[in-house]
Every structure is written in structure tokens, then in C-alpha cells.
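Participant: Below: one structure in C-alpha cells.
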Amino acid sequence: MVDRRAVSDTLGFIFVFSLVLSTVGVVTAVGMDGLQDTRNVERINNAERAFDILDDNMEDIAVRGAPSRATEIKLADSAISFDDSVQMTVEWENGGTVDNATIRTQPLVYTSDTSDERLVYAFGTVFRGTDEAMTVVRHPAFVLSEDAIVVSATSARKSRSSVSSVGGSGTYLVRAEVADTGAKYRGIASRSGGPYNVTVNVTSPRPQLWKTELQSYEDVTCPFVNDTMVSCELTNVNSVRVVEKQVDVSLVD
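The opening residue of the sequence shown carries number 112 in this note's numbering; numbering runs sequentially from there.
So this is what it looks like as C-alpha cells:
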């Protein structure tokens, strides 16, 4: 006769063992997902720090006169590429007389194969987030007030010898140097003796982000924005100055 207690003990052991295996599987799956999420966040944090260093290096060229700088960026299942051009036009009017100055840059974009988050670098500004929601994590060196408007910008452009993107896993360089063609440093406009009514138009793949950034200045309002452009206004401005430093950028593996 079969020992019923032995059968019961065996079934109980099988049940408990199956439960343990199932629990371990769930915990492992959840733990691995959490580990991957943490790894993704750390990767983009590292990329953000690299973009901060990149902007510091751009300032070395634009402000402190360095001929070139190289920024090292470590990629893991990710890429850096040039994006569509961003254009900023500053227009000022006084007594019916209108004048303007325009600057352009090619943004650098960091994307990851394992995360929806990305980074965008343009005119010294770093945006971070997803296509649905982005925030400014580094602000440009602009002065936008009734006392004065000062737009001092580094205009980055892809060098003729550079590839359009680099990616995968490894260490790459973003090399920047004073532009080898065209004007290297342009004091495009310098006007005093206002008051001026000033309009700042930004044409960009991300106009809403620029609206948020420009409206963070106390005296700025942005009454118009569409899918490609944002238009912002300041009134009774005393002086206007627009300065551009052109820099050639290469992506090097």
C-alpha cells in the first residue's frame, strides 16, 4: 500500500519547490529590469556630463581664444549625430527703422538604443528628455532684458571632413576648432540708444523647447509658436548686441 503521508510530503515538496522557482524567476526579472533602468539613467547622466564639458570647451574657443578642443564621450549602445540646423534671428525696430542679425548652428544629438531619453546641444543650451517631454539642463549665455540684449553664441557646424554620426559602444571624440572658412568671429550687430522693440525668432525642430527657455527670462513674451518656429518679443530695450563665433565640429571614432 502506498504511504499516503509520503505522497503528501512529496506533493508538498513539489509545490513549495515550484513556488520558490517561480518567485525567484519573478524577482530576477524585476531585478534585471530595475538594473537595466538604472544603467540607462547612468549612461545618459554620463553623456550629459560630457555635453557640459563640450560646452566648456566651446567657450574656451569662443571666449578664451583656444584654437581647438576635443571632448571625449563614451558610448554604450548609443549614438551622437548632427541634427537639422537651428536658426536664430534678432530683429530690432526704432522709429520705423528695422534691422536684424541671424545666426545658425547644427545641433548635436545623443540617442540611445536602450532608452527613449536623448540630449540635444545647440547654442550652448543642453536639452534632455523624450520626444514627449524635454527640459533645459544647461542654459545659454544670453542676456535678454529691457536694459540690454546680448546674444553671444557659438555656431557649430559639421566640418567638411566629418561623418554625420558615430555610434555603437566605445570611446569617441567631438573635435571642435575655429572655422577654416568664412568669418571666424563676427560682431554682427551692436546698437545702443534705444528704446528698441525687439523680436527673437528661432527656427528649430523643437520650437516649443525654445519657447520655454526664452520665456524663462523675465522681460520676454512669446506670443507665437508653431511646428517649426517660435517668435518672442521684448519692448523698450536700451541696447542690442549679437556676436557669433563659428566653430567646425568633427565626430571622430
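Beta carbons: idealized from backbone N, C-alpha and C, even for Gly.
#1: Please state whether DSSP places Glu183 in a helix, a strand or coil.
#2: Which residue from Tyr307, Asn308 and Met340 puts its Cα closest to that of Thr323?
#3: For Thr222, report the span of its beta strand (DSSP E) as first-last.
#4: Compare the C-alpha of Ser192 against each of Gly305, Lys269 and Asp148 and name the closest.
#5: Please report how far the alpha carbon of Val277 lies from the alpha carbon of Ala259, in whole angstroms.
#6: Rounded to the nearest angstrom, what separates Val262 and Thr216 at their Cα positions?
#7: Considering only residues of the same chain and omitting the five flanking positions on each side of Asp364, which have a CB-CB separation below 6 Å?
#8: Taking the continuous beta strand (DSSP E) assigned at Glu344, which residues delimit it?
#9: Please classify Pro334 as buried or exposed, where buried requires at least 16 neighbouring CB atoms within 10 angstroms.
#10: Give the secondary structure of Glu257 by DSSP, where H, G and I count as helix, E and B as strand, and everything else as coil.
#11: For the stretch 266-343, which segments carrying the beta strand (DSSP E) assignment without a break, of at least 3 residues, lie completely within its bounds, in sequence order?
#12: Can you tell me the Cβ-Cβ gap for Ile184 and Met199, rounded? I've got them flagged as a contact below 8 Å.
#13: Would you mind working out which of Gly305, Val313 and Asp224 sits nearest Thr208, comparing C-alpha positions?
#14: Who are the near neighbours of Arg352 in its chain, counting only those whose CB is closer than 6 Å to its CB and skipping five residues on each side?
#15: For Glu204, report the span of its beta strand (DSSP E) as first-last.
#16: What did DSSP end up calling Val152 once you bin it into helix, strand or coil?
#17: For Asp194, name the three-state secondary structure that DSSP assigns.
#18: Label Glu228 either buried or exposed according to how many other C-beta atoms from any shown protein chain fall within 10 Å of its C-beta, with 16 as the threshold for buried.
#19: Measuring alpha carbon to alpha carbon, tell me which residue in Asp330, Leu320, Ser273 and Thr346 is nearest Tyr307.
#20: I need the boundaries of the beta strand (DSSP E) containing Arg215, first residue and last residue.
#21: According to DSSP, which residues form a beta bridge with Thr246?
#22: Leaving aside the five residues before and after Val311 along the sequence, list all residues of the same chain whose C-beta is less than 6 Å from its C-beta, in chain order.
#23: Report the residue from Gly240, Arg180 and Glu257 whose alpha carbon sits nearest the alpha carbon of Ile164.
#24: Measure the CB-CB distance between Leu362 and Phe238 and report whether it falls below 7 Å.
#25: Counting only the same chain and skipping the five closest in sequence on each side, list residues whose C-beta sits under 6 Å from that of Asp194.
#26: Rounded to whole angstroms, what's the CA-CA distance from Phe162 to Tyr232? Just pull it up for me.
#27: So what does Arg229 bridge to, in DSSP terms?
Facilitator: With the given structure in hand:
#1: Looking up residue 183 in the sequence shown gives position 72. Strand at Glu183.
#2: Looking up residue 323 in the sequence shown gives position 212. For Thr323, the nearest C-alpha among the options comes from Met340.
#3: Locating residue 222 in the sequence shown gives position 111, counting from the first residue. Segment Leu219 to Ser223, the beta strand (DSSP E) holding Thr222.
#4: By one-based count along the sequence shown, residue 192 stands at place 81. Considering only alpha carbons, the answer is Lys269.
#5: Numbered from 1 along the sequence shown, position 166 holds the residue referred to as residue 277. Numbered from 1 along the sequence shown, position 148 holds the residue referred to as residue 259. Val277 and Ala259: Cα-Cα distance of roughly 40 Å.
#6: The residue you call residue 262 lines up with position 151 of the sequence shown. The residue you call residue 216 lines up with position 105 of the sequence shown. Taking the straight line joining both Cα atoms gives about 13 Å.
#7: Numbered from its first residue, the sequence shown carries residue 364 at position 253. Hits under 6 Å: Val277 and Tyr283.
#8: Residue 344 sits at position 233 when you count from the first residue of the sequence shown. Residues Met340 to Val348.
#9: Position 223 of the sequence shown, counting from 1, holds the residue named residue 334. Per the 10 Å Cβ criterion, exposed.
#10: By 1-based counting over the sequence shown, the position of residue 257 is 146. Coil at Glu257, not helix or strand.
#11: 276-289, 296-302, 307-314 and 332-336
#12: Taking the sequence shown and counting its residues from 1, the one referred to as residue 184 is at position 73. Taking the sequence shown and counting its residues from 1, the one referred to as residue 199 is at position 88. The pair is not a contact, with the Cβ atoms about 26 Å apart (cut-off 8 Å).
#13: One-based indexing of the sequence shown puts residue 208 at position 97. Checking every option, the nearest Cα to that of Thr208 belongs to Gly305.
#14: On the sequence shown, position 241 is the one that residue 352 refers to. Excluding residues within five positions, the ones whose Cβ falls inside 6 Å are Val261 and Ser301.
#15: In the sequence shown, counting from the first residue as 1, residue 204 sits at position 93. Element bounds for Glu204: Val197 to Asn205.
#16: Position 41 of the sequence shown, counted from the first residue, corresponds to residue 152. Here Val152 sits in helix by DSSP.
#17: The count along the sequence shown starts at 1 and reaches residue 194 at position 83. Coil.
#18: Taking the sequence shown and counting its residues from 1, the one referred to as residue 228 is at position 117. Classification of Glu228: buried, given that the 10 Å Cβ count is 16 or more.
#19: Along the sequence shown, one-based indexing puts residue 307 at 196. Checked all of Asp330, Leu320, Ser273 and Thr346; the closest Cα to Tyr307 is Thr346.
#20: Against the sequence shown, residue 215 aligns to sequence position 104. Start and end: Thr208 to Thr216.
#21: Working through the sequence shown from its first residue, we reach residue 246 at position 135. The partner list for Thr246 (beta bridge, DSSP) reads Arg239.
#22: The residue you call residue 311 lines up with position 200 of the sequence shown. So the qualifying residues of the chain are Val201 and Cys343.
#23: Here residue 164 is taken as the residue at index 53 of the sequence shown, counted from 1. Of the candidates Gly240, Arg180 and Glu257, the one whose C-alpha sits nearest the C-alpha of Ile164 is Arg180.
#24: The residue labelled residue 362 in the question sits at position 251 within the sequence shown. The residue labelled residue 238 in the question sits at position 127 within the sequence shown. Not a contact, by the Cβ cut-off of 7 Å.
#25: The sequence position of residue 194 within the sequence shown is 83, counting from 1. Hits under 6 Å: Pro218 and Val220.
#26: Working through the sequence shown from its first residue, we reach residue 162 at position 51. Working through the sequence shown from its first residue, we reach residue 232 at position 121. In a straight line, the C-alpha of Phe162 is about 7 Å away from that of Tyr232.
#27: The count along the sequence shown starts at 1 and reaches residue 229 at position 118. Answer by DSSP bridge pairing, in chain order: Thr222 and Gly240.
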